[in-house]
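Student: Residue numbers for the sequence shown follow this note's numbering, beginning at 10 and rising by one.
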Amino acid sequence: MSQTNTDPTSTRQSDPFVMVVFGASGDLTRRKLMPAIFQLWCENHLPESAAIIGYSRTAKTDEEFRADLCDSIRDSLSCHEGLIDDAAWETFASRIYYQQGAYDSPDDFAALRQRIEVISAERDIPGNCLHYLATPPMAFESIIRNLDCAQLARRGQTDPWARVVIEKPFGTDLDSARKLNQIAREVFDEEQIFRIDHYLGKETVQNIMVLRMANSIFEHLWRHDYIDHVQITAAESLGVGTRGGYYDTSGALRDMVQNHLMHLLCLVAMEPPVSLTADAIRDEKVKVLRALRPIPAQCAANGVVRAQYSGGQIDGQNEPGYRQAENVPPDSTTETFVAFKAHVDNWRWTGVPFYLRTGKCLPRRCTEISIHFEDIPKVLFNRPPAGPLRPNVLTIRVQPNEGIALEFQTKAPGQAMHIQPLEMDFGYQESFGQAPPDAYQRLLLDAAVGDATLFTRSDEVEAAWEFVSPIIEGCSNTPPEAMLQYPAGTWGPKEAEELIEADGNKWRLK
Ligand SMILES: NC(=O)c1ccc[n+]([C@@H]2O[C@H](COP(=O)([O-])OP(=O)(O)OC[C@H]3O[C@@H](n4cnc5c(N)ncnc54)[C@H](OP(=O)(O)O)[C@@H]3O)[C@@H](O)[C@H]2O)c1
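What follows is the structure in structure tokens.
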């Protein structure tokens, strides 16, 4: 059973394995996966004999693939830590191969298998394989079935092992997620399947459990008696750019709420697990999803604020409206912004609203969770002339400027009793001298060592869809003219403000 590694002295290194990246000619492989794997290599987390095979339909030689990756790794690393180490790159590059093939061709998968066998024999790799599905989702089923045909899935076998990492989105609604789960589980055991959501690999997200459960002061207060409400905002400053065609089939509910926002909500609201095993942690997350008060389809149009950005300005640059973006229909009703109130109907959270909000073309890129504590009694300081005082707020900055801040009241120096709110602030960069590592590095290593804690289990993904699918269904008939608009560069439509202000609260980020 996989278990979270809490030993600070251990250097995690996987067994020798071949990693096959499907969709290797694509954006994710170039910008995220290969820079992360190279970084793991440079930090000695990968075994000397590791090998990576890129697989996609585009014709390329090994040398061309290596040269493409070298350029993108240079681009990626130079914006973070400086220049690429040429010697390390040369040794790493000799472990990279390319195999051209279709995703629906059993013959091409038979050729892939042969290639894996040859490379494994040359490099003395005992046959372990990590298959990474980095293609658009329509290719997932073919790849999974052909891995089975080519006997590369090795169900029920742990030596050598085979694992599959499946990129998001995992389904587009409850039915399609169930179907994909069923296909994957016909071919692999659940323990072999790693459904990835890179948000879970972020240090700040992993730190939510540590903050709550490794400190005596927070967990005791972490309940309805002391918490007034919780806000979760995931704001992107960019628009859809050239990806409008893809985005229009998705929207903020599918792209952000069903996965990223649900994970953050679960980590804030879950009960302490009985242990740090992957299943114990994921059991508690599923319980939160099951306790979410459903938003039935017939209530979704009124209870959930959905909107699209119209033309505006971000950082002094003009941004055209969503409906003017490339490949977006002029009468699209896909939301680029969503805000709603959720309730976790269990003993701990009864009566505590969770306000969730995400959107594109908002004033800045920023994901944060804020825990708003109850007001203090309206006596002593919390009444005129010093009061009313602002309640304490604990803010977890998921990205950027990763850190945690606690807002509290203090007496300003002087003869009068002047009370002023201040913030205690912890920043990763200042405290640890470095920004947190990239999420893909952490998750790729976890998959290579078989630790599934930060990956989504089948029941978890389905429970998240069970909550989100009725909302999508309930909003599916919105006429184009009824779709709310907000100017790019603002915090969404006024209806999102009204949603929270109706309860006497305000969005912290504005
Ligand atoms: N890019 C990101 O930052 C990011 C972030 C999170 C999750 N993801 C997920 O990761 C996966 C890959 O993303 P990506 O941005 O790399 O995608 P992509 O560049 O559009 O596609 C990856 C590769 O898949 C192949 N492909 C494209 N369209 C296809 C189709 N209709 N049928 C079969 N193969 C097709 C292409 O390779 P060949 O034509 O050479 O076969 C392409 O180079 C997606 O599921 C995406 O949702 C991406």
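For glycine and all other residues, C-beta sits at the position ideal for the given N, C-alpha and C.
Residue 218: which of 284, 201 and 238 sits nearest, CA to CA?
Tutor: Position 209 of the sequence shown, counted from the start, is the residue given in the question as residue 218. Nearest C-alpha to residue 218: 284.
Student: On the DSSP letters alone, give me the boundaries of the alpha helix (DSSP H) that residue 477 sits inside.
Tutor: By one-based count along the sequence shown, residue 477 stands at place 468. Counting along the chain, the alpha helix (DSSP H) containing residue 477 begins and ends at 467-484.
Student: Considering only the alpha carbon of each residue, which of 419, 409, 228 and 442 lies closest to residue 208?
Tutor: Position 199 of the sequence shown holds residue 208. Cα-wise, what sits closest to residue 208 is 409.
Student: By DSSP's criteria, residue 31 is part of a beta bridge. Which residues make up the other side?
Tutor: For the purposes of this step, residue 31 is taken as the residue at position 22 of the sequence shown. For residue 31, which the question treats as bridged, DSSP gives the partners 64 and 142.
Student: Less than 7 Å separating the beta-carbons of residue 139 and residue 395?
Tutor: The residue labelled residue 139 in the question sits at position 130 within the sequence shown. The residue labelled residue 395 in the question sits at position 386 within the sequence shown. Not a contact, by the Cβ cut-off of 7 Å.
Student: What are the boundary residues of the beta strand (DSSP E) that includes residue 349?
Tutor: Against the sequence shown, residue 349 aligns to sequence position 340. Start and end: 346-352.
Student: Can you list, in chain order, the residues of its chain with a C-beta nearer than 6 Å to that of residue 340? Leave out the 5 residues immediately preceding and following it.
Tutor: In the sequence shown, residue 340 corresponds to position 331, counting from 1. Cβ neighbours of residue 340 beyond the five flanking positions: 489.
Student: How many angstroms separate the CA atom of residue 101 from the CA atom of residue 50?
Tutor: Position 92 of the sequence shown, counted from the start, is the residue given in the question as residue 101. Position 41 of the sequence shown, counted from the start, is the residue given in the question as residue 50. Rounded to whole angstroms, residue 101 to residue 50 spans 7 Å at the Cα level.
Student: Considering only residues of the same chain and omitting the five flanking positions on each side of residue 190, which have a CB-CB separation below 6 Å?
Tutor: Locating residue 190 in the sequence shown gives position 181, counting from the first residue. Here the set comprises 467.
Student: On the criterion of 16 or more Cβ atoms from any shown chain inside 10 Å, does residue 155 qualify as buried, or is it exposed?
Tutor: Against the sequence shown, residue 155 aligns to sequence position 146. Burial call: buried.
Student: For ligand 1, is there a heavy atom less than 6 Å away from the beta-carbon of residue 148?
Tutor: By one-based count along the sequence shown, residue 148 stands at place 139. Under cutoff, so the answer is yes.
Student: First and last residue of the beta strand (DSSP E) that includes residue 430?
Tutor: Position 421 of the sequence shown holds residue 430. Looking at the DSSP string, the run of the beta strand (DSSP E) that includes residue 430 is 428-436.
Student: Check for me: the alpha helix (DSSP H) holding residue 333 runs from which residue to which?
Tutor: By one-based count along the sequence shown, residue 333 stands at place 324. Neither: residue 333 is in no alpha helix (DSSP H) and is coded neither H nor E.
Student: Which residue or residues does DSSP assign as beta-bridge partners of residue 321?
Tutor: Locating residue 321 in the sequence shown gives position 312, counting from the first residue. Residue 321 is bridged to 328.
Student: Thinking C-beta only, is residue 370 closer than 7 Å to residue 513?
Tutor: Locating residue 513 in the sequence shown gives position 504, where the first residue counts as 1. Locating residue 370 in the sequence shown gives position 361, where the first residue counts as 1. No.
Student: For residue 301, which beta-bridge partners are listed by DSSP?
Tutor: Within the sequence shown, numbered from 1, the residue matching residue 301 stands at position 292. According to DSSP, residue 301 bridges with 353.
Student: Should residue 263 be counted as a contact of ligand 1 given a C-beta to heavy atom distance under 6 Å?
Tutor: The count along the sequence shown starts at 1 and reaches residue 263 at position 254. No, since every heavy atom of ligand 1 falls outside the 6 Å radius drawn around the Cβ of residue 263.
Student: Let's test the definition: count the other Cβ atoms within 10 Å of the Cβ of residue 302 and tell me whether it reaches 16, buried, or not, exposed.
Tutor: Within the sequence shown, numbered from 1, the residue matching residue 302 stands at position 293. By the neighbour-count rule (16 or more Cβ atoms within 10 Å), residue 302 is not buried but exposed.
Student: What does a CB cutoff of less than 7 Å around residue 529 pick up in its chain, not counting 5 residues either side in sequence?
Tutor: It is not possible to answer for residue 529, since the shown part of the chain is limited to 10 through 519.
Student: Could you pull out every residue in the same chain whose Cβ sits closer than 8 Å to the Cβ of residue 521, ignoring the five residues on either side in sequence?
Tutor: Only positions 10 to 519 of the chain appear in this structure, which leaves residue 521 out of reach.
Student: Given residue 477, which residues of its chain have a CB within under 7 Å of its CB, disregarding the five upstream and five downstream residues?
Tutor: Here residue 477 is taken as the residue at index 468 of the sequence shown, counted from 1. So the qualifying residues of the chain are 262, 266 and 267.
Student: Quick check on DSSP: helix, strand or coil for residue 312?
Tutor: What you label residue 312 is simply residue 303 of the sequence shown in a count that begins at 1. Looking at residue 312 - three-state DSSP - the assignment turns out to be helix.
Student: Tell me, to the nearest whole angstrom, how far the beta carbon of residue 239 is from that of residue 381; I am working on the premise that it is less than 8 Å.
Tutor: The residue labelled residue 239 in the question sits at position 230 within the sequence shown. The residue labelled residue 381 in the question sits at position 372 within the sequence shown. Confirmed, Cβ separation roughly 7 Å.
Student: Spatial neighbours of residue 113 within its chain, please: C-beta separation below 6 Å, excluding the five flanking residues on both sides.
Tutor: Reading the sequence shown from its first residue, position 104 is the one you call residue 113. The answer, listed in chain order, is 151.
Student: Identify, in the order they occur along the chain, each residue of the same chain with its Cβ nearer than 6 Å to the Cβ of residue 257, setting aside the five sequence neighbours on each side.
Tutor: Locating residue 257 in the sequence shown gives position 248, counting from the first residue. Within the same chain, residue 257 has close Cβ partners 337, 341 and 343.
Student: Could you give the uninterrupted runs of the alpha helix (DSSP H) lying entirely in the stretch 213-283, keeping only those of 4 residues or more?
Tutor: List check, alpha helix (DSSP H) in window: 225-228, 253-256 and 271-278.
Student: Using 8 Å as the cut-off, can you tell me whether the stretch 191-206 makes contact with the stretch 226-245, which would need three or more C-beta pairs spanning the two stretches below that distance?
Tutor: Flag = no, the stretch 191-206 and the stretch 226-245 do not touch.
Student: Can you name the start and end residues of the alpha helix (DSSP H) that residue 169 belongs to?
Tutor: By one-based count along the sequence shown, residue 169 stands at place 160. From DSSP, residue 169 is part of no alpha helix (DSSP H); its letter is neither H nor E.
Student: Just verifying my parser: in three-state terms, what is the DSSP assignment at residue 414?
Tutor: Here residue 414 refers to the residue found at position 405 of the sequence shown. Correct three-state label for residue 414: strand.
Student: What is the residue span of the beta strand (DSSP E) that residue 203 lies within?
Tutor: Here residue 203 refers to the residue found at position 194 of the sequence shown. It spans 202-204 - the beta strand (DSSP E) in which residue 203 sits, taken as one unbroken run.
Student: Would you call residue 511 buried or exposed, if buried means 16 or more other Cβ atoms sit within 10 Å of its Cβ?
Tutor: If you number the sequence shown from 1, residue 511 lands on position 502. The residue is exposed, with fewer than 16 neighbouring Cβ atoms inside 10 Å.
Student: Please report the distance separating the alpha-carbon of residue 272 from that of residue 294.
Tutor: For the purposes of this step, residue 272 is taken as residue 263 along the sequence shown, with counting starting at 1. For the purposes of this step, residue 294 is taken as residue 285 along the sequence shown, with counting starting at 1. Looking at the two C-alpha atoms, the distance is approximately 8 Å.
Student: Any contact of the stretch 301-320 with the stretch 374-390, i.e. 3+ C-beta pairs under 8 Å?
Tutor: No: fewer than three Cβ pairs fall under 8 Å.
Student: Run through the DSSP bridge pairs and tell me what residue 365 is partnered with.
Tutor: Here residue 365 refers to the residue found at position 356 of the sequence shown. According to DSSP, residue 365 bridges with 241 and 349.
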